[in-house]
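Q: Here it is, the structure in full.
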Amino acid sequence: MKISQALAMLAFLAASCSEQYLVNGNSSVQSLEGKTLYLKVFDNDEMRTIDSSGVVHGKFRFNGLLDSVMMGNVFFGEQSVMPIVIESGKVTLQIDETMQSATGTPLNDSLSNFIRRKTQLDDQLSELPHRQSRLIMEGYDLQEINEVLDREARDLAEKNDRLVTNFIRSNYNNVLGPGIFMILTNRLQYPVLTPQIEEIITHASPYFLGNPYVKDYIRAAEANMEKMRSQ
0 MKISQALAML
10 AFLAASCSEQ
20 YLVNGNSSVQ
30 SLEGKTLYLK
40 VFDNDEMRTI
50 DSSGVVHGKF
60 RFNGLLDSVM
70 MGNVFFGEQS
80 VMPIVIESGK
90 VTLQIDETMQ
100 SATGTPLNDS
110 LSNFIRRKTQ
120 LDDQLSELPH
130 RQSRLIMEGY
140 DLQEINEVLD
150 REARDLAEKN
160 DRLVTNFIRS
170 NYNNVLGPGI
180 FMILTNRLQY
190 PVLTPQIEEI
200 ITHASPYFLG
210 NPYVKDYIRA
220 AEANMEKMRS
230 Q
């Protein structure tokens, strides 16, 4: 066999060992028209771009080969637009002003359902100050208003935390668990073990605890907690 034929065969075998992902995107956000979106994955403590696509007439597309399922994120410049699971199959990605979704593959369907439920809870929380103003204008007692809305806020916050915790725990053994854990902890000022995070990691699977981000976070959080106890 000629060397060129052998190299071609090796390239074919390497490609056949990989699977293909395809993301067909639609955007109704006017500010994205004509701009470039980037598909990134977390790699060695940073976000690495694996594909990019311009938005033309509200359409864009990502595609490529993958050796394993990965958690990714769609970026516009340095701004994260939405998370997405990069897995074998065809994904339909929808970006609107108030909602984003990625559907068509099992993990993306699960992720989109989770995002939809969480968005509903977030919207209800953000509506409480508007309700307070409206009730004040209608002449209700301020103390009574605050007592009622404070109870609702605590209830919604508890439901939100429970939704996130249960979703991570039910996805310990795939990329969604560590991926959502990363999003949850990135909102904290520094690594720390909150009651919610302790609950998540207490009965976590080896797959979850072995994730590089999760492992590094727990190590840093435990060190920070020790420092705080010694002060």
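To convert, note that position 126 of the sequence shown is 125 in numbering that gives the first Met the number 0; the numbers rise steadily by one, no gaps.
Where is the CB? At the ideal position from N, CA and C, for every residue including glycine.
(1) Excluding five sequence neighbours on each side, which residues of the same chain lie with their C-beta closer than 7 Å to the C-beta of Arg47?
(2) Return yes when the Cβ of Pro194 is within less than 8 Å of the Cβ of Asn223, no when it is not.
(3) Ignore the nearest five residues each way along the sequence and tell me which others in Asn185's own chain have a CB closer than 6 Å to its CB.
(4) Using C-beta distances below 7 Å, list every residue in its chain close to Ala13, excluding the 5 sequence neighbours before and after it, in chain order.
(5) Counting pairs of Cβ atoms below 8 Å between the segment 128-144 and the segment 155-170, do you hit three or more?
(6) List the endpoints of the continuous alpha helix (DSSP H) containing Ala219.
(7) If you reduce the DSSP assignment to three classes, tell me which class Pro194 lands in.
(8) Taking all protein chains shown into account, do 16 or more other C-beta atoms lie within 10 angstroms of the C-beta of Gly53, making it buried, or fewer, making it exposed?
(9) Starting from the C-beta of Thr104, find all residues in its chain whose C-beta is less than 6 Å away, skip the five residues before and the five after it, and write them out in chain order.
(10) Have a look at Gln188, Val174 and Met227 and flag the residue whose alpha-carbon is nearest the alpha-carbon of Pro205.
(11) Suppose the cutoff is 6 Å on Cβ atoms and the five residues either side in sequence are ignored; what does the same chain contact list for Gln99 look like?
(12) In the DSSP assignment, the alpha helix (DSSP H) including Arg130 goes from what residue to what residue?
(13) What number of angstroms, rounded off, separates the C-alpha of Tyr139 from the C-alpha of Gln123?
(14) What separation, rounded to the nearest whole angstrom, lies between the Cα atoms of Gln29 and Asn165?
(15) Do the CB positions of Asp42 and Gly63 come within less than 8 Å of each other?
(16) Using DSSP with H/G/I as helix, E/B as strand and the rest coil, what is Gly33?
(17) At which residues does the alpha helix (DSSP H) containing Ala203 begin and terminate?
(18) Where do the N-terminal and C-terminal ends of the alpha helix (DSSP H) with Gln142 fall, by residue?
(19) Go ahead and pull the three-state DSSP assignment for Met70.
(20) Could you tell me the distance, in whole angstroms, from the CA atom of Tyr20 to the CA atom of Asp215?
(21) Measuring straight from C-alpha to C-alpha, what distance separates Leu162 and Lys117?
(22) Using a Cβ-Cβ cut-off of 7 Å (strictly less than) and excluding sequence neighbours within five positions of Ile217, which residues of its own chain qualify?
(23) Relative to the C-alpha of Val55, which residue among Gln142, Leu36, Ser67 and Val73 is closest?
A: Taking the structure as given:
(1) Lys39 and Val40, listed in sequence order.
(2) no
(3) none
(4) For Ala13, the pLDDT reaches just 44, beneath the cut-off of 50, and the residue's location in the model is therefore unreliable, leaving the point undetermined.
(5) no
(6) Pro211 to Ser229
(7) helix
(8) exposed
(9) For Thr104, where only same-chain residues beyond five positions count, the Cβ hits under 6 Å are Glu86, Gly88 and Val90.
(10) Val174
(11) Met81.
(12) Pro105 to Met136
(13) For Tyr139 and Gln123, the distance between alpha carbons rounds to 21 Å.
(14) 36 Å
(15) In this structure, Asp42 lies away from Gly63, with their beta-carbon atoms at least 8 Å apart.
(16) Coil at Gly33, not helix or strand.
(17) Note, Ala203: premise wrong, no alpha helix (DSSP H); not H, not E.
(18) Leu141 to Ser169
(19) strand
(20) The straight-line gap from Cα to Cα measures roughly 29 Å.
(21) 7 Å
(22) Ile200
(23) Leu36
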